[in-house]
Structure formats: structure tokens, C-alpha cells
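**Student:** Chains as they are written, first to last, in our numbering: chain A, 34 to 275; chain B, 34 to 275. Please find one structure pasted underneath; my questions will follow.
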């Protein structure tokens with residue numbers, strides 16, 4: 034892992050671009066920290082550059098609570114090499130959404146390869162990030178893709194709590210994996226998400242094995258998560274990462 | 034309205050018993066308040082004496098945020114005269130729950146008379162409470178019975194926000210009323226509530242006409258609402274009553 038850029042944001046947060054092999058990433062650390070900061074991995078749908086404004090807003094929220102935050106680019110997204118197969122599945126999903134709910138086959142073909150590829154990359158990023166001075170455990174995962182969050186919560190023992198954004202279609206096989214999740218969860222659902230299926234999101238929530246799980250459902254579409262959920266996320270992580 | 038008792042709780046909160054005609058009630062006001070305190074009406078399933086420990090805990094939460102809180106006894110509950118019809122409906126509900134979901138007829142027979150009788154009483158209490166020095170608007174409703182909260186939010190313009198506990202069966206006719214609710218809502222649902230129907234609770238949530246509505250669903254049964262929902266309630270009311 035090597036740093037590729039560095040800047041101070043106006044509220045003292047240090048923002049550093051990095052490369053983990055050929056995977057780009059961004060790390061935000063709070064301006065003043067006496068002890069190593071807990072780390073929140075910021076999940077997103079791919080495209081660090083496009084997602085930057087929303088990611089930095091979430092990183093600022095996290096820093097206000099004393100948390101470091103980091104994101105890496107997803108496979109076949111942003112500046113990383115494309116995949117013909119995944120691009121094809123994404124186009125198929127778009128076409129299917131115009132006429133109704135996409136088939137399980139399309140969802141599997143789009144999501145499962147990303148999960149398979151992304152989860153080991155997030156774990157490698159975790160190895161590198163936790164080795165830095167000023168970053169400690171415990172670690173939270175926050176955001177989408179929900180299937181990546183599910184797999185990470187199952188296979189990565191360093192994840193202590195997860196705030197999952199139910200804003201993407203979930204392959205059927207992930208429902209079984211959801212039963213194996215035991216860390217505290219907060220699940221965000223946009224009630225009228227145009228790119229998601231409400232019933233299936235409620236089914237995933239029901240499936241999770243965690244004893245502490247809370248669903249926060251709000252009105253509006255995919256991008257309409259209300260600002261106060263940023264505060265609620267901080268309180269959730271403050272309960273579990275401190 | 035006349036006060037029947039008065040005591041200071043250890044954190045400076047003033048607790049006063051009152052009688053509104055023959056309806057008993059309790060009012061809690063914060064120890065130190067510079068301006069008139071917003072008021073939260075604490076909804077409950079009936080039985081002020083039995084509910085007291087939970088009500089006073091919620092009143093303490095509210096007072097910590099500068100809110101006054103009040104509860105009145107429900108019709109045909111606690112020390113108030115009983116109703117043979119409502120007692121009969123309650124017994125029918127208990128029997129029906131032992132074998133499955135109660136019929137709409139039983140739910141109507143139990144809930145609708147209570148709503149019809151209780152809502153004018155809550156409004157009369159509001160008249161009396163808002164006339165007291167130290168109590169101002171705006172007003173919130175917090176708790177169950179959800180059907181009482183729905184009717185109050187529809188007919189009482191002084192209710193500015195409501196936190197509704199989806200912990201009781203809802204008559205079908207209340208779904209239409211729910212569409213008329215427009216104040217900001219936070220709806221609490223216990224995912225495995227033994228005295229409620231999850232699907233129907235989600236349907237009510239869907240029906241509300243409010244532009245801002247948030248569902249908080251947590252694991253566990255009817256009485257298992259986690260402590261952190263007290264904090265979340267305060268933040269909801271702080272957004273809307275201040």
C-alpha cells in the first residue's frame with residue numbers, strides 16, 4: 034500500500050489517496066486523535082470518483098465521532114479494468130428494471146462475481162489500514178453493496194458491527210449467508226427505492242442471525258436517505274466500536 | 034383539572050398527579066426550564082399504575098431533552114369504571130391469539146370504542162395542560178395505542194409529530210385514516226411482537242400520508258424495545274418540537 038496524495042480538509046481531517054497494488058482507495062483520519070481511531074469501511078456501489086461527494090460527507094460524519102474511514106474502488110469499476118461479463122449483466126439489469134423485477138439469474142450474474150472479487154480486496158485493505166499508526170480496531174462496515182457487507186461480516190472476524198444499505202438486489206444464495214451474520218446490525222432501507230425490491234429487503238433483514246439488528250426505513254428513492262441517518266449511524270457505531 | 038399529588042424526583046423533575054374530571058393523569062415537567070417546555074403525550078395501553086415504571090422512564094428521557102410529558106388513564110382501564118363490552122372483547126382477543134390471528138371483528142370491537150372515547154379525552158387534557166404555566170407547544174404524541182395516535186394526529190392540529198408504537202392490532206378502517214396523517218412520524222416495530230401482526234404493521238407504515246416517516250424495527254417481543262430507542266425518540270422530537 035502506498036499513498037498517492039494527501040490533503041487536509043478544512044475541519045482538520047487528513048484525506049489520503051492510496052493504492053493497494055492496482056486498487057485505488059481513500060483514507061480519512063480525524064484531525065485530532067489521542068488514541069488509535071476505530072475504522073469504518075465505507076461501502077459503495079463502485080466508482081470512487083462519482084461517489085466522492087457522498088463518501089467524503091460520510092467520512093466527515095465519522096470523523097466528528099472520532100472514527101477513521103476508508104473506501105477502496107470496487108472491481109471492474111471507476112478507473113479499474115472493466116469486465117465484459119459484469120458490464121453485460123449491468124445492462125441486462127437495467128433492461129429488466131424497465132419492465133419489472135429482474136430475474137434471479139441476472140442478479141446472480143451481476144452481484145456474485147463482485148462479491149467474490151471484492152471481499153478479499155477489502156480484507157487485504159483492512160490488513161494494510163490496521164497496520165498504519167493512528168488506526169486501531171474495532172472495525173465497522175457501512176453502506177452498500179449489501180451483499181459485500183453480508184459476506185464480509187460472515188468471513189472477516191475483525192468486523193464488529195455493520196450498517197448495511199439495503200439498496201441493491203440480493204442473490205438468493207446470500208439469504209443463507211445472512212443467517213450466519215451475528216454482529217450488531219443497522220439496516221437502512223429506502224421505502225420506494227427504484228433499484229431495489231422492498232419485500233426482498235425485508236426478507237434479508239428477517240434472515241440475519243444477529244441478536245441486535247435494527248431496521249431504519251425512510252421514505253423516498255435510492256438516493257434520498259435523510260441527513261439524520263448520518264447521526265443515527267454515528268450513534269450505532271459509537272455503541273459498538275468504542 | 035386539579036392536581037392531586039406532587040413530588041420532586043431525584044433529578045429535579047416535578048411529577049404531579051392530576052384529575053381531569055374523573056380521569057386520572059400524571060404530568061412531568063423538567064427541573065430547570067427557561068422557556069415553556071414542549072409537551073409530549075405519552076401513549077400507553079391502559080393501566081397508569083401498572084405502566085408507571087415505564088412511563089416515568091420515558092418521562093425522564095423526555096425531561097433530559099427539556100420536554101414536559103403527560104399521560105392520562107385510558108377509558109375502562111386502571112381505576113376507571115370497566116366496560117363489560119371492552120372486557121369481553123379483550124378476553125376474545127386473548128382466546129383468538131392462542132389459536133392464531135384475531136378476526137377483524139374482534140379487533141374492531143376492542144379498539145374502535147377505545148379510540149372513540151379516548152381521543153376527545155386526550156384533546157381535553159391538552160387544553161388543560163397547555164393552559165398551565167411552563168408548558169408550551171408544540172406537542173408530540175409518543176407510544177401506543179397506535180390507533181389512538183393515528184386518530185389524534187388526524188383530528189388534533191396541535192400534534193406536530195408522533196412516535197407511534199406499532200404494538201397492537203389495527204382495525205381495517207384505521208388504514209384509511211392513516212393516509213390522512215401528514216405530521217412527521219417515527220414508527221417503532223418489535224419484529225417478533227407476540228401481540229401484533231408484523232405484516233399489518235408494515236402495511237400501516239406504508240399507508241401513512243406523511244412525507245417524513247421512519248420505521249425503526251428491532252428484534253424481540255412486545256416489551257423488548259431496546260434502550261437506545263429512547264435516545265432516538267428524543268432526537269426525533271428535538272428535530273420537530275424545538
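For each residue, glycine too, the CB sits at the ideal point set by N, CA and C.
Is the closest heavy atom of the ligand HEM to the C-beta of residue 110 of chain A under 7 Å?
**Tutor:** This structure does not include the ligand HEM; it has no bound ligands of any sort.
**Student:** List the DSSP bridge partners of residue 38 of chain A.
**Tutor:** In DSSP, residue 38 of chain A forms a bridge with A:50.
**Student:** Using C-beta distances below 6 Å, list every residue in its chain close to residue 36 of chain A, excluding the 5 sequence neighbours before and after it, in chain order.
**Tutor:** Same-chain partners within the cutoff: 49 and 51.
**Student:** Between which two residues does the beta strand (DSSP E) harbouring residue 170 of chain A extend?
**Tutor:** Element bounds for residue 170 of chain A: 168-176.
**Student:** Out of B:205, B:89, B:129 and B:77, which one is the CA nearest neighbour of residue 151 of chain B?
**Tutor:** Minimum Cα distance to residue 151 of chain B is reached at B:77.
**Student:** Would you mind listing the alpha helix (DSSP H) stretches within the region 190-271 of chain B that are 4+ residues and don't spill past its ends, in chain order?
**Tutor:** Runs of the alpha helix (DSSP H) inside the region 190-271 of chain B: 205-211 and 231-240.
**Student:** Examine chain B for any beta-carbon lying closer than 8 Å to the beta-carbon of residue 250 of chain A, and answer yes or no.
**Tutor:** Yes, its Cβ sits closer than 8 Å to a Cβ of chain B.
**Student:** According to a CB-to-CB cut-off of less than 9 Å, which residues of the region 257-271 of chain B neighbour chain A?
**Tutor:** Within the region 257-271 of chain B, the residues whose Cβ lies closer than 9 Å to some Cβ of chain A are 259, 261, 262, 264, 265, 268 and 269, listed in chain order.
**Student:** Roughly how many angstroms lie between the CA atoms of residue 200 of chain B and residue 179 of chain B, to the nearest whole one?
**Tutor:** Taking the straight line joining both Cα atoms gives about 7 Å.
**Student:** Specify the secondary structure class of residue 104 of chain B as computed by DSSP and reduced to three states.
**Tutor:** DSSP places residue 104 of chain B in strand when its eight states are reduced to three.
**Student:** Buried or exposed, going by whether 16 or more other CB atoms sit within 10 Å of the CB of residue 219 of chain A?
**Tutor:** Counting Cβ neighbours within 10 Å, residue 219 of chain A comes out buried, since at least 16 surround it.
**Student:** Please report the distance separating the alpha-carbon of residue 175 of chain B from that of residue 100 of chain B.
**Tutor:** Answer to the nearest angstrom: the Cα atoms are 12 Å apart.
**Student:** Going along chain A in order, which residues have a C-beta closer than 7 Å to the C-beta of residue 246 of chain B?
**Tutor:** What residue 246 of chain B touches in chain A: 252.
**Student:** What ranges does the beta strand (DSSP E) occupy inside the region 114-157 of chain A, keeping only unbroken runs of at least 3 residues that lie completely in it?
**Tutor:** Correct list: empty.
**Student:** Going by alpha carbons, who is nearest to residue 38 of chain A out of A:142, A:45 and A:57?
**Tutor:** Closest by alpha carbon: A:57.
**Student:** Do you know offhand how far residue 88 of chain A's Cα is from residue 103 of chain B's?
**Tutor:** Using only the alpha carbons, I get a separation of about 42 Å.
**Student:** Which one or two residues does DSSP pair with residue 61 of chain A in a beta bridge?
**Tutor:** A:48 and A:102, per the DSSP bridge assignment.
**Student:** Count Cβ pairs between the region 40-48 of chain B and the region 254-272 of chain A that sit closer than 8 Å; are there 3 or more?
**Tutor:** Flag = no, the region 40-48 of chain B and the region 254-272 of chain A do not touch.
**Student:** With DSSP collapsed to three states, give me the class of residue 81 of chain B.
**Tutor:** In this structure, residue 81 of chain B counts as helix in the three-state DSSP scheme.
**Student:** What's the call for residue 65 of chain B, buried or exposed, on a 16-neighbour Cβ count within 10 Å?
**Tutor:** That one is exposed.
**Student:** So, using beta-carbon positions, are residue 53 of chain B and residue 84 of chain B closer together than 8 Å?
**Tutor:** Going by C-beta atoms, residue 53 of chain B is not nearer than 8 Å to residue 84 of chain B.
**Student:** Go through its chain and collect everything with a Cβ distance to residue 194 of chain A's Cβ below 6 Å, but skip five positions before and after it.
**Tutor:** Excluding residues within five positions, the ones whose Cβ falls inside 6 Å are 173, 216, 217 and 273.
**Student:** Can residue 62 of chain B and residue 167 of chain B be called in contact, C-beta distance under 8 Å?
**Tutor:** Yes, Cβ-Cβ distance for residue 62 of chain B and residue 167 of chain B is below 8 Å.
**Student:** Considering residue 74 of chain A, what are the terminal residues of the beta strand (DSSP E) in which it resides?
**Tutor:** Element bounds for residue 74 of chain A: 70-76.
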